[in-house]
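Q:
Number of protein chains: 4
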Amino acid sequence: MPDVIFPVDQSKPFREQQLVGHNRWHPDIPAVATVKSGDSFRVESKEWFDGTIVNSDDANDIRDCDLSMVHQLSGPFAVEGAQPGDLLVVDILDVGPVPQQSGPVAGQGWGYTGIFAKDNGGGFLTDWFPAAYKAIWDFTGQKATSRHVPGVEFTGLIHPGLMGTAPSADLLAKWNHREAQLIATDPDRVPPLALPPLPSNAVLGSLTGADYERAAAEAARTAPPRENGGNQDIKNLSKGSRIFYPVFVDGANLSLGDLHFSQGDGEITFCGAIEMGGYIDLRVEIIKGGMETYGVTTNPIFMPGIVEPRYSEFLTFVGFSVDRNGTQHYLDTTLAYQNACLNAIEYLSKFGWTKEQAYLILGAAPVEGRMSGVVDVPNSCATLYIPTAIFDIDVRPSSTPPQRIDRGQCAVSN
Amino acid sequence: MPDVIFPVDQSKPFREQQLVGHNRWHPDIPAVATVKSGDSFRVESKEWFDGTIVNSDDANDIRDCDLSMVHQLSGPFAVEGAQPGDLLVVDILDVGPVPQQSGPVAGQGWGYTGIFAKDNGGGFLTDWFPAAYKAIWDFTGQKATSRHVPGVEFTGLIHPGLMGTAPSADLLAKWNHREAQLIATDPDRVPPLALPPLPSNAVLGSLTGADYERAAAEAARTAPPRENGGNQDIKNLSKGSRIFYPVFVDGANLSLGDLHFSQGDGEITFCGAIEMGGYIDLRVEIIKGGMETYGVTTNPIFMPGIVEPRYSEFLTFVGFSVDRNGTQHYLDTTLAYQNACLNAIEYLSKFGWTKEQAYLILGAAPVEGRMSGVVDVPNSCATLYIPTAIFDIDVRPSSTPPQRIDRGQCAVSN
Amino acid sequence: MPDVIFPVDQSKPFREQQLVGHNRWHPDIPAVATVKSGDSFRVESKEWFDGTIVNSDDANDIRDCDLSMVHQLSGPFAVEGAQPGDLLVVDILDVGPVPQQSGPVAGQGWGYTGIFAKDNGGGFLTDWFPAAYKAIWDFTGQKATSRHVPGVEFTGLIHPGLMGTAPSADLLAKWNHREAQLIATDPDRVPPLALPPLPSNAVLGSLTGADYERAAAEAARTAPPRENGGNQDIKNLSKGSRIFYPVFVDGANLSLGDLHFSQGDGEITFCGAIEMGGYIDLRVEIIKGGMETYGVTTNPIFMPGIVEPRYSEFLTFVGFSVDRNGTQHYLDTTLAYQNACLNAIEYLSKFGWTKEQAYLILGAAPVEGRMSGVVDVPNSCATLYIPTAIFDIDVRPSSTPPQRIDRGQCAVSN
Amino acid sequence: MPDVIFPVDQSKPFREQQLVGHNRWHPDIPAVATVKSGDSFRVESKEWFDGTIVNSDDANDIRDCDLSMVHQLSGPFAVEGAQPGDLLVVDILDVGPVPQQSGPVAGQGWGYTGIFAKDNGGGFLTDWFPAAYKAIWDFTGQKATSRHVPGVEFTGLIHPGLMGTAPSADLLAKWNHREAQLIATDPDRVPPLALPPLPSNAVLGSLTGADYERAAAEAARTAPPRENGGNQDIKNLSKGSRIFYPVFVDGANLSLGDLHFSQGDGEITFCGAIEMGGYIDLRVEIIKGGMETYGVTTNPIFMPGIVEPRYSEFLTFVGFSVDRNGTQHYLDTTLAYQNACLNAIEYLSKFGWTKEQAYLILGAAPVEGRMSGVVDVPNSCATLYIPTAIFDIDVRPSSTPPQRIDRGQCAVSN
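Following this line, the structure appears as C-alpha cells:
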C-alpha cells in the first residue's frame, strides 16, 4: 500500500507541518519529494482554509474568511525523468476524508459548504445572495447529511478540487499578463474580476529570503484553473480517474489540494463543494513527448473513474441567456446556467427549503450542469440535472400539492 | 396505439401537406387539432429544411440553404381545458425516423449533419471553420454510421430538437423587443446576433390574408429556445421523457419539429444534430395552476427518460475562458466550452480524422458538455465527455503512437 | 429501412398467413425466404398462442389453453453461404409490438401474462399456485401497466423469447433421445418432465403429405432452449443485441417468435413474460468456421444491447437450497431461486398485493435473478433484484408500517 | 469516524488476537462488544485461512489447506434492545483491505484466489479441474491484476463474503438435523455433500471448558449460507448496501468475515473471490417486530449500494441443463450455470489463456450469473455476463482470428 510522502497533522497549521506546501503557483518552489514513474504514493491534505472554518451554527467565519490564504496545497512532487513536452499520467487510486479521526478540522468526520458574501469572494449567484451562509455536512460512510439542510442525503463523489503541474516561468508570466489586463478593465469591481499576485500570506514551500520575496511578488493565485490543471473543480475527477497533465518544468512538479467530499457541477456557491482535508493515493507515469503526440497543450485531459454513484431519475431545469431584467444576451452560457440554477432554487423553495438552503444544495449535491444548446442565436440553453433520490420527499411535479419539508435553517452570520 | 393527428407525406413540401404546420411562433396560428388531457397521439414531422438537404457527397446545399424557411413545425395542438398558468405535461412515448421508408428525404433511412458557412448561419466554431461541410449518416436500427466520417458508430438518442407551447401576445412582444435591442448593438454582424421577424417564407398554418400579413410581420423566428421551450436542442429529451411546459394561451397550443437521430451536447455545428423527419408519439396532461404551484414560469422543466445508451468509459477534454489570442475573459463558459471542443478536435486529428470530421463528430455523437467550474475567477471551466466506445480504434493516450484511421473525407462545397 | 420478408396479418390464424411458419423444430422445414450476409430485414410475428388468449377479466383461456400449438414461429430464413460450422451473427436492430394497431390480438396495444394451472403447463412455483391466473398489460409507449395488478408500472425491455437456427438431423435425433430418456424416468408426471414430439397441431411450414407426416412425428417441441438457441427467454436479448448462433444446416435457417414486451429473469410463471405479437428487424452476417474458431458449439453466445432501462435502487431477496418442508438439498440453484421468489412474494403481500399478483409481477417486471453463491455446500444462494422504482408506493422496509396498495385482483378462472 | 470495536493484528494468528472471534455458529458464543441502535463502528478482519495461504508461485498451500479452520469471524457484536423477531438493519459504510499495510498476509496489498483440489474442498467445476491452482492478485487502488493471469484488470466490488446474526438453539438444531440427513445419503462422497460439526480447530470466542466442549460438538460450520445470512458470498453486498437480518437471539449477535476484494457471481472456484483481510465500517439499527411485519423470516433481504463499477459492454455465455455426457436433466439451474461457465472457459482459451486461468477469471472478476429461463421444461437456461473492458485485448468474436494473450501460467502445486 502506498507510503505517505506528504504527511499532514490536521491539528497544526499549514505552515507548521513537517513538510510545508504552498498556496501560490511558481516554478521555483522546490519539490518536497521525488517519485519514480510507476510509483504509487499517498499525500495528505489540509482543507483549503487551513481549519479556520469551524463546525458551528453561524456563518461569521465564512463572512470574515481571508481569501489570501488559499489554497493549502500539498507538494510539489517531482517525477524522475519528466520533462517539458511530456504528459504526466496521474491515476487517482483513492481519495477520502481524514481516516479514522473525529475532530474540529474539516475532514475529521465532517465538511462544510459556504456562500461567500458579495464583498468577500462572491459566487455564481452573488447578486441574489449577497450575504454569507454556511452548512455543516456530516459524513456517514459515503453519505453526507446536514443539520443545516434537512431532508437531503447523497453519496459523495469525492475528488480533489485542485491538482496540477508547476508552470514554467514563461507560462507564469503569461498568466500574470493576461489576468492583469482583465483586472485593468474594472480594477475596483466587487467581487474582483481576477486575483492578482499577493505576497501577503503567500506560502511557497521551503523558499526563504530574497528567493521568497521575489517569487511571492509574482506567484500566481490558485483560484482559477489554467493550462496546468489547477483549481478545475471537476466533480468527476474521482477515484479511478486517470488524468494526463502537460509538463512545463523538469520533474513536472505536481501539487494538489482542496479535497471535496461532494460537489455539484459548477461549484456554484464558490465555497460550494463540501470542503475537507483528507488523503489521496496517486500513481504516476510519463508519456514522453505526449503533449505534441496528442496535441494536449492548453489543458489536461482525463478519463473519469467508473464507480460514480448510479442515479436513474432526474429533475431537470433549463435556463437561457436572458437576464432577470429581461435583457437579451448573446449565447451567454454562464448566464444560461445562472438562470437554470435560479429556476431550480425557485422550484425547491416551493417544497419548504429556504432559497439559501436550495442554493447550498446545488453547490454540494451531485447535480449535473450541461451545455445543451450553444448555437441557437441568441439563446444559449443550459440544463441542470438533480437526482430525485437525494431528497427524503417526492419532489416531482404532480396534480397534488407539493409536500413540504421541515426546513430548519442554514447557518447565517450575525 | 396512438392515432396520427398530424400526418406528413415526406414526398411533398411542407406547405402542401394535408395539414399545414408553421415555421414561426405566433399566438394567432390556429390549432390544427384538439386533444384531451390523458390522450396519446402520433405526430409526423418533416425535417427542418423541408427536404432541401440531399443525400449527396457535396455540401453545396448546406452552403446555400435558406434559413428563412426553418423550422417545419407540426402543430399547434390544442389541449382541452389548458389555460394560462397551467403546466402542460407532455410524455414522449416514442420518437423515431420515418417508419419503413427508404428515400431521398432525410428521415427515410438516413439523416445529415452540417457545418454552416460563416456567412450563412455560422456555428459554435465558425471562426475556425468558416466554410460549409456535410456528412450523411445512415441508420441501421438504433445506430448511425457515415461514409463521410469513417471509424465512428454510435447509438442514437433520438429526440425532438424543438417542442413548445404558443406564446401569448405579451410574451411575443417581449421576445421581439429584447431581441431587437440585442441586434441593434451590432446590426451588421455576420453571423447575426439574432434573427428578427421575417415575413419571407413564413408559414403560419391556416392563417391567410390580412391575418397572415400581420402575424408574419411579428411572428418570432424558431431558432432560439425561449420561455415556451422551443428549439432547446436538449439531447436528453428522448423517449420516456416527461416535460412540463408553461401554458401561455388557452389550449396551450403545443408544436414540435426538428427531430434528431442523435446530437452532442451543444449541437455545436448549429446544423449539428443528425437531422431527419419522422414521427413522435405523445401523451398530454394538465396540472392546473402548476406554473405558480411549482414556480415554473421562465422555462419548462423535465425528467429525462431512463433508457439512454449506457457508456462506461469517456475521454474528457477541458477548456477555460482564455481565447486563442491569449486574452483573458471573465467566467465565459461559452468560450470555455469552445476551447474544450477545439482541444478535442486537435486531439482527434492526431488519429487521422480531418478537423472538419472531428467537428462533425462532436456535433452528432452523444458527447456530454458540462459546466464543471463557474466560479473560480476569472476562468470558467467546461468539460466535454466523449464515450470511447463510439470509435473503431482505441483513442486513449498511451506510450505507443496513436493508431490512425483511414479518414476519407466529409462532404465539402465546390 | 428493412423490407418485410415475413408479413403477418394479426387478424388471421397462423396457418392462414401468406407465409406459413412453424411450431416445431425440424431440419426439413423449407426456408420461407433467403437473405444475404449483410442484409437487414423485418419479420412480423404472431403471439405464441396465435391469439387464443384474449383481453378479458377471467383466466379461463389460460386454464384451457392448448400447449400443443405453441410457439408460432416466423421463418425459417436461409442465409446464403451459411454452412455447418459457421457462426451466424444476428443483430437485433429493432423489436416491438404491432405498429399502430389497436385490436383484440395480443401485441395490438396490449399483452398478457399468465400462470398456467398445474395440470396444464405448470410453472416455477406451481406447487404453491396450482390454479390458472392472468393479467392484461396495456402499453403506453415503452411502459406497461395492468388493471389486474395496480400500483406497478415499468419500462419494457422488449425481446424475442425464442430465436434459433435449425437443428441438423443428427442434432434433432440427439434431442429426442435425451429428452425421451428423461421422460421415461417418470412418464406420468404432472406437469411432465419434458414434451415429446407431438404430431397433433404441428405446423411445419410448406411441408405436406408424407414429408409432413414423417417430420411431424419426429420434430422437436419448441418449449426448451437447446444448442440452437431456441426458447431461451433471455430478457436481455433486446434491441441492440448481437447474437452468435451455431449453424447446423446449410443456410442456417433462422426462425423466431414469442415476442415479449417485458420479462423477469426466469420467466417464472412460464407464461410469465408479457406475451405479444409484433415485429423484429434483424441484420445477419456469417463468421466462416466460427464455431471452431471460438469454441461456440453447445450454445449461442451474445452481446446485450446498451439501451436497457436504467434503475438505481433495488430490493433484493435471497433464497437457498432448503425446501419448504425443511429438507436440505445439495447446491440446488433452481430451488434456491424458488425460495428467493417465494420470499419476495411473501414480502410484497405485506403491502396489499395478493400472492398471485406478486407472482405475476415477478414474471413480468424487469427483475434480475442471480446465481450469487453456488459452491458453499450444501446451500446454493440465489438472489432476486427488484427495482423499487416500478412501484407507486415506497416498498422499502422501515420502522413505520408498510403502505398498502388498493390491490384489485388479477384475472382468475371460473 | 467510527471507532474500532474489533481490532486485528494481521501479524498474529486468529486465536491470539486481543479479542478472539469464532469460526463456528453457536448461540452461546458470548458477544465481544455491545453497540447501540444508531451506532457506527469499525471491525477488522483476518482473511478466511488466517494467513496460511501465502504470496507465492505454487499452489501447495491451497492443495494442503485445512478447511476445518475456516472462517475467521469477527464478533459477535450485540445490539442493545434487539430481540428475536426484530430485523437488524446493517449499513455497510465502508469496507476495504488492510489500510496502509504491505506484508505477507492477504489483505496487505494483495489477495488470492484458488481452485481447491477435488479431494480437499472441490468447487463448482471440480470434475473438470480436480487439481489445486492459485493466483495472487495485487491491488492498485480499486484495481486488481495478477502475475498469474496476465491480460486482465478489473475494479473490485469489495464486500464481506460472510455476515450474519447468531442462530437460536432451535435454529441451530434444525441446521444440524437437515444437513446430517443430507450427508447420510452419501456419507463418503468426495467432496462431501455438507460439512458436519467438527470440534477440531473450532474457535468459539471466549468459551472455555465444558461450555466450549459442548458448543464445539454442535456448533455449525460456516461454509453455507443459512437463515441468518452467513456465507452468502453475494458480490453486490458492497459499500453502501443496507441489509435487513432476522434476529434469532437477544442482542442479534452479528458476526462477519471472509472479506473479498472482488468476486464473480457464484464464486465458482469455491476459493474464488479474491480473499483478504481488512476492515469494515458498519452502522446498525433495529426494526422492532420487523420479521413479521415484512415477512422476512427465512433469509435476510438487502438493498445493494449505488456505486458499483459501471460497465457497458458484455459478452454473454449461455448454458442449459444437459450434462457433458449428453444426459438431459430437469430444470437443473446449477448444471445450466456450470455449462455456461464451461462455455466461457472454452471460449477464453481460444485467446491464449489456459483453462485454469479462465476458470480463475470467472471466479474473481465481476461477472454476472443470471437465471434467464427456469420454466422451459426440461432445460433451465443460465447466462454468464463478462464485461469486455476487463481484458487488455479485444475478446469479441469477429471474422478476423482472435488475438492471443501471452498467457504465462497460474500457480500450480508441485
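Protein chains in written order, with our numbering: chain A, 40 to 453; chain B, 40 to 453; chain C, 40 to 453; chain D, 40 to 453.
C-beta atoms are modelled at their ideal positions from N, C-alpha and C, and glycine is treated no differently.
All values reported here derive from a predicted model rather than from experimental measurement.
1. Residue 468 of chain B: which of A:428, A:216 and A:297 sits nearest, CA to CA?
2. Tell me which residues share the same chain as residue 355 of chain A and place their Cβ nearer than 7 Å to its Cβ, disregarding the 5 neighbours each side in the sequence.
3. Starting from residue 381 of chain C, follow the alpha helix (DSSP H) in both directions and report where the run begins and ends.
4. Output yes or no for whether 7 Å exceeds the beta carbon distance between residue 408 of chain B and residue 304 of chain B.
5. If I'm right that residue 89 of chain B touches residue 52 of chain B with Cβ under 8 Å, what's the distance once you round it to whole angstroms?
6. Quick one: list the residues of chain C neighbouring residue 350 of chain A, beta-carbon separation under 8 Å, in chain order.
7. Using a C-beta to C-beta distance shorter than 7 Å, which residues of chain B count as neighbours of residue 341 of chain A?
8. Cβ of residue 310 of chain C within 7 Å of Cβ of residue 396 of chain C?
9. Quick one: list the residues of chain D neighbouring residue 428 of chain B, beta-carbon separation under 8 Å, in chain order.
10. Can you give me the Cβ contacts of residue 42 of chain C inside the same chain, cut-off strictly under 7 Å, excluding the 5 residues immediately before and after it?
11. Counting only beta-carbon atoms, is residue 132 of chain B nearer than 7 Å to chain C?
12. At which residues does the alpha helix (DSSP H) containing residue 209 of chain C begin and terminate?
13. Report, in whole angstroms, the separation of the C-beta atoms of residue 163 of chain B and residue 413 of chain A, which I expect to be a contact under 8 Å.
14. Straight-line CA distance for residue 290 of chain D to residue 262 of chain D?
15. Beta carbons nearer than 9 Å to chain D: which residues of the segment 175-195 of chain A have them?
16. Quick one: is residue 83 of chain A buried, meaning 16 or more other Cβ sit within 10 Å of its Cβ, or exposed?
17. Please tell me whether residue 388 of chain C and residue 371 of chain C are closer than 7 Å, where the distance is taken between their beta carbons.
18. Can you tell me which of the three DSSP states residue 400 of chain A falls into?
19. Note down, in chain order, each residue of its chain lying with its Cβ closer than 8 Å to the Cβ of residue 419 of chain C, except the 5 sequence neighbours on either side.
20. Would you grab the beta carbon distance between residue 125 of chain B and residue 328 of chain B for me? Rounded to a whole angstrom, and I think it's under 8 Å.
21. Hey, could you find the ends of the alpha helix (DSSP H) residue 332 of chain A is sitting in?
22. As an exercise, report each continuous beta strand (DSSP E) stretch of at least 3 residues that is fully enclosed by the segment 120-190 of chain A, in chain order.
23. Once the 5 residues before and after residue 230 of chain B are set aside, which same chain residues still bring their CB inside 7 Å of it?
24. For the structure I just gave you, are there three or more beta carbon pairs, one from the segment 104-113 of chain C and one from the segment 274-286 of chain C, closer than 8 Å?
25. Rounded to a whole number of angstroms, what is the C-alpha to C-alpha distance between residue 198 of chain D and residue 257 of chain D?
26. Checking contacts by CB at 7 Å: is residue 478 of chain A closer than that to chain D?
27. Measuring straight from C-alpha to C-alpha, what distance separates residue 318 of chain B and residue 148 of chain B?
28. Return no unless some Cβ of chain C is closer than 7 Å to the Cβ of residue 233 of chain D.
29. Using a beta-carbon distance below 7 Å, is residue 380 of chain C in contact with chain G?
30. If you run the structure through DSSP and keep just helix, strand and coil, what is residue 250 of chain A?
31. Please classify residue 320 of chain D as buried or exposed, where buried requires at least 16 neighbouring CB atoms within 10 angstroms.
32. What residue range does the beta strand (DSSP E) around residue 322 of chain A cover?
33. Give the single residue among C:390, C:430 and C:391 whose Cα lies nearest to the Cα of residue 404 of chain C.
34. So if I threshold CB-CB distances at 9 Å, which residues from the segment 74-103 of chain B count as touching chain C?
35. Strictly under 7 Å for the Cβ-Cβ distance: is residue 284 of chain D near chain C by that measure?
36. Which value, in whole angstroms, describes the spacing of the CA atoms of residue 500 of chain C and residue 66 of chain C?
A: With the given structure in hand:
1. The structure shown does not extend to residue 468 of chain B, since chain B is modelled only from 40 to 453, so the question has no answer here.
2. If you number the first sequence from 1, residue 355 of chain A lands on position 316. Within the same chain, residue 355 of chain A has close Cβ partners 422, 423 and 424.
3. Numbered from its first residue, the third sequence carries residue 381 of chain C at position 342. Taken as a continuous stretch (DSSP letters only), the alpha helix (DSSP H) holding residue 381 of chain C covers 372-388.
4. Stepping through the second sequence from its first residue, residue 408 of chain B is reached at position 369. Stepping through the second sequence from its first residue, residue 304 of chain B is reached at position 265. Cβ distance < 7 Å, so residue 408 of chain B and residue 304 of chain B count as in contact.
5. One-based indexing of the second sequence puts residue 89 of chain B at position 50. One-based indexing of the second sequence puts residue 52 of chain B at position 13. With a Cβ gap of about 6 Å, residue 89 of chain B and residue 52 of chain B count as contacting.
6. Looking up residue 350 of chain A in the first sequence gives position 311. The answer, in chain order, is 351.
7. The count along the first sequence starts at 1 and reaches residue 341 of chain A at position 302. Ordered by position in chain B, the residues that pass the 7 Å Cβ test against residue 341 of chain A are 355.
8. By 1-based counting over the third sequence, the position of residue 310 of chain C is 271. By 1-based counting over the third sequence, the position of residue 396 of chain C is 357. No, the Cβ-Cβ distance between residue 310 of chain C and residue 396 of chain C is not below 7 Å.
9. Stepping through the second sequence from its first residue, residue 428 of chain B is reached at position 389. Residues of chain D passing the Cβ test: 351 and 352.
10. Numbered from its first residue, the third sequence carries residue 42 of chain C at position 3. Only 80 and 81 meet the Cβ criterion.
11. In the second sequence, counting from the first residue as 1, residue 132 of chain B sits at position 93. Interface residue, yes.
12. Position 170 of the third sequence, counting from 1, holds the residue named residue 209 of chain C. Start and end: 208-223.
13. The count along the second sequence starts at 1 and reaches residue 163 of chain B at position 124. The count along the first sequence starts at 1 and reaches residue 413 of chain A at position 374. Going by Cβ atoms, the distance from residue 163 of chain B to residue 413 of chain A rounds to 6 Å, so yes, they are a contact pair.
14. To locate residue 290 of chain D, count along the fourth sequence from 1; it is residue 251. To locate residue 262 of chain D, count along the fourth sequence from 1; it is residue 223. C-alpha separation (whole angstroms): 23 Å.
15. 178, 179, 180, 181, 182 and 194
16. Within the first sequence, the letter at position 44 stands for residue 83 of chain A. Result: buried.
17. Stepping through the third sequence from its first residue, residue 388 of chain C is reached at position 349. Stepping through the third sequence from its first residue, residue 371 of chain C is reached at position 332. Cβ distance not < 7 Å, so residue 388 of chain C and residue 371 of chain C don't count as in contact.
18. Counting from 1 along the first sequence, the entry for residue 400 of chain A is found at position 361. It is helical.
19. What you label residue 419 of chain C is simply residue 380 of the third sequence in a count that begins at 1. Within the same chain, residue 419 of chain C has close Cβ partners 359, 360, 370, 371, 372, 374, 375, 410, 412 and 413.
20. Walking along the second sequence from the start, residue 125 of chain B turns up at place 86. Walking along the second sequence from the start, residue 328 of chain B turns up at place 289. Indeed, because the Cβ distance is near 6 Å, the residues count as touching under 8 Å.
21. Reading the first sequence from its first residue, position 293 is the one you call residue 332 of chain A. Residues 329-333.
22. 126-136, 149-154, 172-179 and 182-185
23. Counted from its first residue, the second sequence places residue 230 of chain B at position 191. 157, 160, 161 and 165, listed in sequence order.
24. no
25. Taking the first residue of the fourth sequence as 1, we reach residue 198 of chain D at position 159. Taking the first residue of the fourth sequence as 1, we reach residue 257 of chain D at position 218. Rounded to the nearest angstrom, the two C-alpha atoms are 29 Å apart.
26. Since the first residue shown for chain A is 40 and the last is 453, residue 478 of chain A is missing from the structure and cannot be characterised.
27. As a working note, residue 318 of chain B is residue 279 in the second sequence. As a working note, residue 148 of chain B is residue 109 in the second sequence. In a straight line, the C-alpha of residue 318 of chain B is about 13 Å away from that of residue 148 of chain B.
28. Position 194 of the fourth sequence, counted from the start, is the residue given in the question as residue 233 of chain D. So, interface residue.
29. Absent from the structure is chain G; the protein chains it does hold are A, B, C and D.
30. Within the first sequence, numbered from 1, the residue matching residue 250 of chain A stands at position 211. Correct three-state label for residue 250 of chain A: helix.
31. Taking the fourth sequence and counting its residues from 1, the one referred to as residue 320 of chain D is at position 281. So residue 320 of chain D ends up on the buried side.
32. Translated into the one-based positions of the first sequence, residue 322 of chain A becomes position 283. That run of the beta strand (DSSP E) goes 317-326.
33. Locating residue 404 of chain C in the third sequence gives position 365, where the first residue counts as 1. The shortest C-alpha separation from residue 404 of chain C is found at C:430.
34. 79 and 81
35. Indexing the fourth sequence from 1 puts residue 284 of chain D at position 245. No, because no Cβ of chain C sits closer than 7 Å to the Cβ of residue 284 of chain D.
36. This structure leaves residue 500 of chain C out entirely; chain C is present only between 40 and 453.
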